[in-house]
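Asks:
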Amino acid sequence: MSTDLNLVLVMLANLAMLGSSRLSACIRLSAAQGILLSLLPLQLELAEHKLAPRLALFALTILVLKGVVFPALLMRTLRTADVRHEVVPMVGYVSSLIFGVIVLCFSFWVSSRLILPHPAPSPLVLPLALSTILIGLFLIISRKTALMQVVGYLVLENGIFIFGVALANKTPLLVEMGVLLDVFVAVFVMGIAIFHINREFDHIDVNQLTSLKD
Amino acid sequence: MIVPALILVPLCAGLLAFWWRADGPRRALLVLTALVHSGLTVAAWVQWNNNLHSSAPIAILPGTWLALDAAGLLFLSTVSALFLGCAIYGVGYLGREKHQPHIDYEEHLFFSNEPEAVFTGCLLLFLASMTLVCTSQNFGLLWVGVEATTLASAPLIYFHRQHRSLEATWKYLLICSVGIALALLGNFLLAVATSDPRGPTTGLFITDLVQNPGKLHAPWLKAAFLFFLVGYGTKMGLAPMHTWLPDAHSESPSVVSALLSGALLNCAFLGILRAHQVCVAAGVEDFSQGLLRVFGLGSMAIAAVFILGQVDFKRMLAYSSVEHMGILSLGVGLGGRGAFGAGLHAMNHSLTKACLFLVAGNILAAYETKVVKDVHGVRRLLPLSGILWIGGFMSITGAPPFGTFLSEFTILKAALDQGRPIVAVLYLALLAVIFIGMAGIVLPMAQGEPSAALYESRRREAILSTLPPAVFCLAVLAVGLYLPPTMTAMLDEVSVALGGN
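Those protein sequences? They're chains P and V, same order as listed.
Heads up: take any position in the first sequence, counting from 1, add 1280, and you land on the working numbering.
Heads up: take any position in the second sequence, counting from 1, add 3, and you land on the working numbering.
(1) Once the 5 residues before and after residue 1429/P are set aside, which same chain residues still bring their CB inside 6 Å of it?
(2) Can you pull the chain P neighbours of residue 250/V, defined as C-beta to C-beta under 7 Å?
(3) Under 8 Å by Cβ, that's how I've got residue 71/V and residue 37/V pegged, so tell me the actual separation to the nearest angstrom.
(4) Closer than 9 Å, Cβ to Cβ, to anything on chain V: give me those residues from the segment 1322-1355 of chain P, in chain order.
(5) Rounded to the nearest angstrom, what separates residue 64/V and residue 414/V at their Cα positions?
(6) Am I right that residue 285/V and residue 216/V are in contact with their C-beta atoms under 8 Å? What's the rounded C-beta distance?
(7) By DSSP's criteria, residue 1413/P is part of a beta bridge. Which residues make up the other side?
(8) In the segment 299-311 of chain V, which residues sit with their C-beta less than 7 Å from some C-beta in chain P, listed in chain order?
(9) Taking C-beta pairs closer than 7 Å, name the residues in chain V that residue 1470/P reaches, listed in chain order.
(10) Report yes or no: is there a C-beta of chain V within less than 9 Å of the C-beta of residue 1462/P?
(11) Cβ of residue 115/V less than 9 Å from any chain P Cβ?
(12) The segment 139-154 of chain V: which residues have C-beta closer than 8 Å to a C-beta of chain P, in chain order?
(13) Quick check on the DSSP output: the beta strand (DSSP E) that includes residue 113/V runs from which residue to which?
(14) Using beta carbons (cut-off 9 Å, strictly below), is residue 1403/P in contact with chain V?
(15) Alpha carbon to alpha carbon, what distance is there between residue 277/V and residue 1382/P?
(16) Is the separation between the beta-carbon of residue 256/V and that of residue 159/V shorter than 9 Å?
(17) Decide if residue 103/V is buried, meaning its Cβ has at least 16 other Cβ atoms within 10 Å, or exposed.
(18) Are the C-beta of residue 1314/P and some C-beta of chain V separated by less than 9 Å?
(19) With residue 391/V and residue 472/V assumed to form a contact (beta carbons below 8 Å), what rounded beta-carbon distance in angstroms separates them?
(20) List, in chain order, every chain V residue whose beta-carbon is nearer than 8 Å to that of residue 1378/P.
(21) Where DSSP assigns a beta bridge to residue 1369/P, which residues make up the other side?
(22) Which residue from 1308/P, 1399/P, 1494/P puts its Cα closest to that of residue 1447/P?
(23) Can at least three beta-carbon pairs, one atom from the segment 288-307 of chain V and one from the segment 228-247 of chain V, be found at a separation below 8 Å?
(24) Would you check if there are 3 or more beta carbon pairs closer than 8 Å linking the segment 5-25 of chain V to the segment 125-133 of chain V?
(25) Could you give the C-beta distance for residue 330/V and residue 319/V, rounded to a whole number, given that I count them as a contact under 8 Å?
(26) Quick check on this structure: which residue in 260/V, 178/V, 167/V has the alpha carbon closest to the alpha carbon of residue 1481/P?
(27) Along chain P, in chain order, which residues have C-beta atoms closer than 7 Å to that of residue 220/V?
(28) Mapping DSSP to helix, strand and coil, what is residue 208/V?
(29) Find out if the Cβ-Cβ distance for the pair residue 1404/P, residue 1288/P is shorter than 9 Å.
(30) Check the C-beta distance from residue 94/V over to residue 30/V and give it rounded, since I have them as a contact under 8 Å.
(31) Indicate whether residue 469/V and residue 409/V have their beta-carbon atoms separated by less than 9 Å.
(32) Quick one: what's got a C-beta closer than 7 Å to residue 117/V's C-beta in the same chain, skipping five residues either side?
(33) Examine chain P for any beta-carbon lying closer than 9 Å to the beta-carbon of residue 530/V, and answer yes or no.
(34) Take residue 54/V and list the residues in its own chain whose beta-carbon comes closer than 7 Å to its own, dropping the five residues that flank it on each side.
(35) Less than 9 Å between the beta carbons of residue 1438/P and residue 1458/P, yes or no?
(36) At a CB-CB cut-off below 7 Å, which residues of chain V make contact with residue 1465/P?
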């Protein structure tokens, strides 16, 4: 599978998330996205005909965390919280999809105007990283369930990850592992918070979190 | 040797606290760790001072992960001092808190507290992560530290397990995590700006970047700074990314609010300062300073609007933090002596705000309300807290002879020296509005008579809850009267690194 195909599949997962009404489907899509992303560093290095052991370790960690652990944590929260299984959009699914397409076009336009100091491994990297980041932000603000906001956060994180792996690929392993550890703990803590929100309010609709304001 | 110990001591103590059943020894562990941490910080000061006066000073080598430079040491000292004060206050606070479910005085619903072991453990991990932020010399590690502070402090905000603090915790977690994710993008943009296709890439070490700025690609560096500013600015509470701040500060226990406002916001500011340091070295400081000035004045303006007529005194203090973060940002944005003033102001603000939040905690415990108009006669009911409440108010609004006056005046002078009269006028006008707004809230609370029922059931103020704020307040006063030469030397070094003089 080529890098381009991988990136296109990531984008399709984004669009599918924008159009999906089931929380469990969105969590599965984010898992698929995580698995695709774990292949990305390997593909990029193989294109240069070298494969360091640290990279294999890195890719494996991504696979386990983004492909298995995060979705499992979120699915567990979904089961234990026992809530409505819809994402409860503030923006309809069709409008969301149209937004996704507009974001994609915008990202291609912006990327065509940016001059990288050194050539990117694939012309799709920059626009797709950008659109994944923007779609992640959109999912956070346009979905009312707290769980879906966590999925949006993961999509945002994935977009930043594509950018980092493809364009800033020489970050020290220690830092990469630290970043992953932080994201892992973040998802874990958010999961606990959602559990408490559900117990306290009997739902995880963030629209009810409005007692604090000026 | 000192730097790893500074991180490892609170880390190990924090992990230990999670499994320690007995309350008494656990509280002793909290204070002991705080004491060891401050002791190590003092040792770092001695080392720094010796280095300053030695004939062959040791510089930080490229490729160092952890080290203390002037800026890091300045922020670490405030973190350490504040934590020690808050740990002592915290022992008294935890002693007063009930273990059984009790009634919430705002909505009269039952709620229980988080287990004390979790609270203490998270408090210590919070200290470890803030120390990591202050000592890291690598942008990646700095990011890891800042995100860790968010995760360690989220359970602290949710100490009182009721729905308002849960709402505040959720907003804090989500908004700050998204903000910090954008700062991660800033890291990667910086890596793109540094990467040289032919040479080995630097691993984003601050010293490397500052020493070899010639290889930096200016447009990408600017983009990186923008993302750092928005990302860490969210955590720092710069308007308009400050929305989580008033909620988290008003709903968490006062001892946590003091740490969030005095220590955590500074740590996030350090992240922005590091990025600014690279911009200065690469010669694009005009860009970064301009942005810092705009966000600084913007934050002051937003804070002024929300302080006027604020009904909740803890929220008022939270908005005052937004204002002071704006002042810090403005000071660095002005350059020249402004950076010196900002460094000094960061320290003054931390001490003053910690004092005010701890006193607010005493008022809250006595009156059981956060509503300004229900509190009268603090001076009569809580004599010492009343004095500190007024003293803290004078200090936070920059009245002489407090240290804040000195630092705010230095920033004003920098604005005039740089030939920016409009900035100076806006700055003074906003300070005046905030002074009036806060005076209208603080003074009526201190004056007047408390209700007879409250006055009958008054108790002597506990030393544990008045000593730390009193020491903080006196420290700010002392800085205003006499600035030790070591401190001036340190602030000068910070200022030079930030493009000042």
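Ideal Cβ positions, reconstructed from N, Cα and C, are used throughout, including at glycine.
Replies: Quick look at the numbers:
(1) 1420
(2) 1492
(3) Not quite, the Cβ-Cβ distance comes to about 19 Å (not below 8 Å), so this is no contact.
(4) none
(5) 32 Å
(6) 4 Å
(7) Bridge partners of residue 1413/P: none, in fact.
(8) 309
(9) 176
(10) yes
(11) no
(12) 141, 143, 144, 146, 147, 150, 151, 153, 154
(13) 113-116
(14) no
(15) 36 Å
(16) yes
(17) exposed
(18) no
(19) 5 Å
(20) Residues of chain V passing the Cβ test: none, with the nearest at roughly 23 Å.
(21) 1423/P
(22) 1399/P
(23) yes
(24) yes
(25) Going by Cβ atoms, the distance from residue 330/V to residue 319/V rounds to 17 Å, so no, they are not a contact pair.
(26) 167/V
(27) 1397
(28) strand
(29) yes
(30) 5 Å
(31) no
(32) 158, 161, 162, 164
(33) Chain V is shown from 4 up to 504; residue 530/V falls before or after that span and cannot be answered.
(34) 60, 61
(35) no
(36) 154
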